[in-house]
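Undergrad: Take a look at this one; I'll ask things after.
There are 2 protein chains.
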Amino acid sequence: MNAPVERVDALCQLLRERGERLTRARRAVIDALVASGDHLTAEQISTCVQEAHPEVHRATIYRTLDTLTELGVTEHSHLGHGPAVYHLADELHQHMVCEACGDVTEVPTSLLRNLGKRLRNDYGFVMRPTHFAIVGQCRECATD
Amino acid sequence: MNAPVERVDALCQLLRERGERLTRARRAVIDALVASGDHLTAEQISTCVQEAHPEVHRATIYRTLDTLTELGVTEHSHLGHGPAVYHLADELHQHMVCEACGDVTEVPTSLLRNLGKRLRNDYGFVMRPTHFAIVGQCRECATD
DNA sequence: ATCTTTGCAAACTTTTTGCACCAAT
DNA sequence: ATTGGTGCAAAAAGTTTGCAAAGAT
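For the record, the sequence lines run as chains V and F. Under this note's numbering, think of the first position of the first sequence as 326, with each following residue one higher. Under this note's numbering, think of the first position of the second sequence as 326, with each following residue one higher.
Set out below in structure tokens:
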């Protein structure tokens, strides 16, 4: 549950360079995301942060995530119904969600490259993958 | 705003064959979907239905859409944040949404075929496209 | 000292649920 | 006459907002 300090520091540094204030809440959110190295819901981040700083409010988590997203530090995706999941922006990956068992697999975005090219050629559309998951059924559920 | 009667009748027929009751509310929802021939939010369907039947409640719209989905008559997709959109299940298409201007384009699912094959080969995953939109920027917004 | 950010409470949006009544078969 | 569907009101789930007070620079 401990985040690599230098990674967290680098991101805090980045905040300061952009003229953003570095608060307890913000450091804690960054900490949670770096520590998990994974996708977390706002609620999970909140729980995580409140272990160390019980006074930090859910609303602050959302506002912090907004700020971090504007700075290009975080992104969120939707895996299905329910809450969005947040992760560091450098962990670029597409999610594949089984609608039967809920299992989430990460797939390299390279798989989407051809689709991206076609959409650009045919429609002039610049795809930004990873915002929405790919929905379907995983191997186990599909063969039932 | 008038739906092709035979199309609506066919779907009502289908309900009856499956042992479902045919109510004013259900016929009205089917009517709205067939008439629009497009994707509508639950709220839009509700508004539409209430023009003819003001007593029909939003909750009934949701329950009806659930039933119709179980019967394979309707599906819903997510185009972004905000409400899901519902459409007849036979109108199978992938949505492409511009996150800048909100413009929605429908693209044939054939474009996704290769991706589908690779996911199946590499992961055993059976993709069900169309549940989530593809997000990105349309030609105009991308070239700004 | 200044001006952002926070905590709180309350609103908001979309969807779901419990329950008594109504209506389709 | 049955049973399933409906209307209503209320809650749930996820997220956003207004405001006064606290805190970072």
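Think of the CB as a built atom: it goes at the ideal place given N, C-alpha and C, for glycine as much as any other residue.
1) For the beta strand (DSSP E) holding F/L413, just list the boundary residues, first then last.
2) DSSP state of V/G441, grouped into three classes?
3) If you follow the beta strand (DSSP E) that V/C423 is part of, which residue opens it and which one closes it?
4) Only counting the same chain, and skipping five residues up and downstream in sequence, which positions put a Cβ closer than 7 Å to that of F/C337?
5) Name the chain V residues that come within less than 8 Å of F/Q462, Cβ to Cβ?
6) Let me check understanding here. Comparing Cα to Cα, which of F/E376, F/R438, F/H406, F/Q419 lies closest to F/T430?
7) Pull up the DSSP beta-bridge partners for F/F457, would you.
8) Going by DSSP in three states, F/T348 sits in which element: helix, strand or coil?
9) Taking DSSP as the reference, what is the three-state secondary structure of F/V451?
10) Quick check: is the beta carbon of F/A353 nearer than 8 Å to any beta carbon in chain V?
11) For the alpha helix (DSSP H) that F/E331 lies in, which residues bound it at each end?
12) Within 8 Å of any Cβ in chain F, is that where the Cβ of V/R443 sits?
13) For the beta strand (DSSP E) containing V/T430, list its first residue and its last residue.
14) Decide if the stretch 424–438 of chain V is in contact with the stretch 384–402 of chain V; the criterion is three or more beta carbon pairs, one per stretch, under 8 Å apart.
15) Give the residues from the stretch 396–422 of chain F that approach chain V closer than 9 Å (Cβ to any Cβ), ordered along the chain.
16) Following the continuous alpha helix (DSSP H) through F/V374, name the residue where it begins and the one where it ends.
17) Sort V/V381, V/P329, V/V460, V/L444 by Cα distance to V/G362 and report the nearest one.
18) Compile a chain-ordered list of the residues in the stretch 345–378 of chain F whose CB is closer than 7 Å to at least one CB of chain V.
19) Terminal residues of the continuous alpha helix (DSSP H) containing V/D391?
20) For the alpha helix (DSSP H) containing V/E465, list its first residue and its last residue.
21) Identify whether F/V354 lies in helix, strand or coil by the three-state DSSP scheme.
22) Given this structure, state the Cα-to-Cα distance separating F/L339 from V/P454, to the nearest angstrom.
TA: So, from the listed chains and residues:
1) Per DSSP, F/L413 is one residue of the beta strand (DSSP E) stretching across 410–413.
2) In the structure shown, the three-state DSSP call for V/G441 is helix.
3) Counting along the chain, V/C423 sits inside the beta strand (DSSP E) bounded by residues 419–423.
4) Exclusion of the five residues before and after F/C337 leaves L347, R352, I355 as the residues of its chain whose Cβ lies within less than 7 Å of its Cβ.
5) Near F/Q462 (Cβ distances below 8 Å), the residues of chain V are F450, V451, R453.
6) Of the candidates F/E376, F/R438, F/H406, F/Q419, the one whose C-alpha sits nearest the C-alpha of F/T430 is F/Q419.
7) Looking at the DSSP output, F/F457 sits in a beta bridge with F/H403.
8) Of the three classes helix, strand and coil, the one that applies to F/T348 here is coil, per DSSP.
9) Strand.
10) With a threshold of 8 Å between beta carbons, F/A353 makes no contact with chain V.
11) In the DSSP assignment, F/E331 falls within the unbroken alpha helix (DSSP H) covering 330–342.
12) At a cut-off of 8 Å, the C-beta of V/R443 has a neighbouring C-beta in chain F.
13) In the DSSP assignment, V/T430 falls within the beta strand (DSSP E) that extends over 429–432.
14) They do not touch, by the three-pair rule.
15) Cβ contacts with chain V come from H403, G405, H406, A409, M421.
16) Residue range 367–377 is occupied by the alpha helix (DSSP H) that includes F/V374.
17) Relative to the Cα of V/G362, the nearest Cα in the group V/V381, V/P329, V/V460, V/L444 belongs to V/P329.
18) Listed by position, the residues of the stretch 345–378 of chain F near chain V (Cβ gap below 7 Å) amount to none.
19) From DSSP, the alpha helix (DSSP H) with V/D391 extends over 383–395.
20) Counting along the chain, the alpha helix (DSSP H) containing V/E465 begins and ends at 464–467.
21) F/V354: helix per DSSP, three-state reduction.
22) If I take the Cα positions, the gap works out to 38 Å.
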